[in-house]
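Undergrad: Position one of the sequence shown corresponds to residue 2 (the working numbering), numbered consecutively onward. Can you read through this structure? Questions will come right after.
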Amino acid sequence: MSNRALLEVIALDVEDAVAAQAGGADRLELVTDMAADGLTPPRETFAAIRAAVEIPLRVMLRRTDGFAAGEVSDLVRVARELRAEGAQEFVLGFLHADGTPDLAAVEAVVAELDGCRWTFHRAIDRAADRDQLRKALADVPGLDTYLTAGSPEGVEAGLPVLLAEAARGGEPGYGARILVGGGLTLAHLPVLRAGGIDAFHIGGAARPSGWGRPVSAAAVAEWRTALS
């Protein structure tokens with residue numbers, strides 16, 4: 002396995018995607034509506050981005066703000082439409098109100114993905130029990146990544162959790178890759194890399210001028226260099 006670290010960048014549109022690829026991103030997370038922390042983009046947006054770049058894309062399956070699944074049949078329909086459009090990788094994650102994983106919703110959506118690889122997103126940072134969630138999801142097909150800051154407050158607060166979970170790699174529930182994102186800064190990279198973490202996710206950090214402006218290829222390149 003290559004020791005090259007993975008750099009994933011949030012893309013809202015074709016302009017973002019092209020800039021992220023030019024800057025050295027390895028993969029994109031496609032979302033819309035960052036005011037709601039990222040919802041499922043229109044299938045037309047996915048198709049346009051897929052045509053514009055060559056790097057892998059993971060598409061968000063999330064229809065409402067928060068971590069409740071909402072109407073599962075709607076999520077399944079959207080997943081089916083995106084699969085028909087050529088989507089092969091996804092991002093999802095649903096919790097009950099008490100912070101336990103909504104396995105029924107996850108399994109219903111994953112069944113529609115038909116073996117596609119997917120990321121369980123930062124819902125894990127709101128889980129009542131992270132260890133219980135990981136073990137409950139351990140055998141769900143296609144799950145290969147957890148996007149996490151280690152804490153709802155972000156990476157700075159979550160560093161001890163991230164390092165502890167990385168140290169458990171290979172244990173039941175801990176086989177999926179840790180993708181660190183949520184308040185991640187360049188200053189966090191040395192300690193995370195030293196702890197064996199090799200995947201990183203940026204959104205705002207790729208947009209020095211704010212979310213109202215597109216991804217900066219130069220900003221992505223700075224991260225790519227720092228990870229090299």
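Glycine is no exception: its CB is placed at the ideal position from the N, C-alpha and C atoms. These numbers were taken from a predicted model, which means no experiment stands behind them.
Kindly indicate the opening and closing residues of the beta strand (DSSP E) around V10.
TA: Counting from 1 along the sequence shown, the entry for residue 10 is found at position 9. Segment L7 to A12, the beta strand (DSSP E) holding V10.
Undergrad: What does a CB cutoff of less than 7 Å around Y175 pick up in its chain, not counting 5 residues either side in sequence?
TA: For the purposes of this step, residue 175 is identified with residue 174 of the sequence shown, where counting begins at 1. For Y175, where only same-chain residues beyond five positions count, the Cβ hits under 7 Å are R135, E166 and R169.
Undergrad: Restricting to Cα atoms, I'd like to know which of L8, R5 and H202 is closest to G183.
TA: As a working note, residue 183 is residue 182 in the sequence shown. It is H202 whose Cα lies nearest to the Cα of G183.
Undergrad: Does any CB atom of chain C fall closer than 7 Å to the CB of G196?
TA: No chain C appears in this structure, which consists of one protein chain only.
Undergrad: With D17 as the anchor, note down where its alpha helix (DSSP H) starts and where it stops.
TA: Position 16 of the sequence shown holds residue 17. Note, D17: alpha helix (DSSP H), V15 to G24.
Undergrad: Measure from the alpha carbon of A12 to the alpha carbon of each residue in A37, A36 and P42, then state which is nearest.
TA: Position 11 of the sequence shown, counted from the start, is the residue given in the question as residue 12. It is P42.
Undergrad: Grab me the residues of A124's own chain with a C-beta within less than 6 Å of its C-beta, minus the 5 sequence neighbours each way, in chain order.
TA: Position 123 of the sequence shown, counted from the first residue, corresponds to residue 124. If we look at A124 and ignore the five residues flanking it on each side, its Cβ neighbours are F68, G94 and L96.
Undergrad: In three-state terms, what does DSSP make of S210?
TA: Within the sequence shown, residue 210 is the residue found at index 209, counting from 1. S210: coil per DSSP, three-state reduction.
Undergrad: Which residues in the same chain as T101 place their Cβ atom closer than 7 Å to its Cβ, once the five residues preceding and following it in sequence are excluded?
TA: In the sequence shown, the residue the question calls residue 101 occupies position 100. For T101, where only same-chain residues beyond five positions count, the Cβ hits under 7 Å are A129.
Undergrad: How would you call M2, buried or exposed, if buried means at least 16 neighbouring beta carbons within 10 angstroms?
TA: Start at 1 with the first residue of the sequence shown, and residue 2 comes out as number 1. The predicted position of M2 is uncertain, since its pLDDT is 37 and thus under 50; no value can be drawn from it.
Undergrad: Identify the continuous beta strand (DSSP E) that holds R118 and give its terminal residues.
TA: Translated into positions along the sequence shown, residue 118 becomes position 117. Residues R118 to F121.
Undergrad: Hey, how far is the Cα of T33 from the Cα of G39?
TA: For the purposes of this step, residue 33 is taken as residue 32 along the sequence shown, with counting starting at 1. For the purposes of this step, residue 39 is taken as residue 38 along the sequence shown, with counting starting at 1. Each residue's alpha carbon lies about 5 Å from the other.
Undergrad: Could you check what DSSP says for T65 in three-state terms: helix, strand or coil?
TA: The residue labelled residue 65 in the question sits at position 64 within the sequence shown. DSSP places T65 in coil when its eight states are reduced to three.
Undergrad: Could you pull out every residue in the same chain whose Cβ sits closer than 7 Å to the Cβ of V77, ignoring the five residues on either side in sequence?
TA: Along the sequence shown, read from residue 1 onward, the residue named residue 77 stands at position 76. Same-chain partners within the cutoff: A109, V110 and E113.
Undergrad: Got a sec? Which residues, its chain only, sit under 6 Å from A218 by beta carbon, not counting five neighbours each side?
TA: The count along the sequence shown starts at 1 and reaches residue 218 at position 217. Result list for A218: A20, A23 and G24, in chain order.
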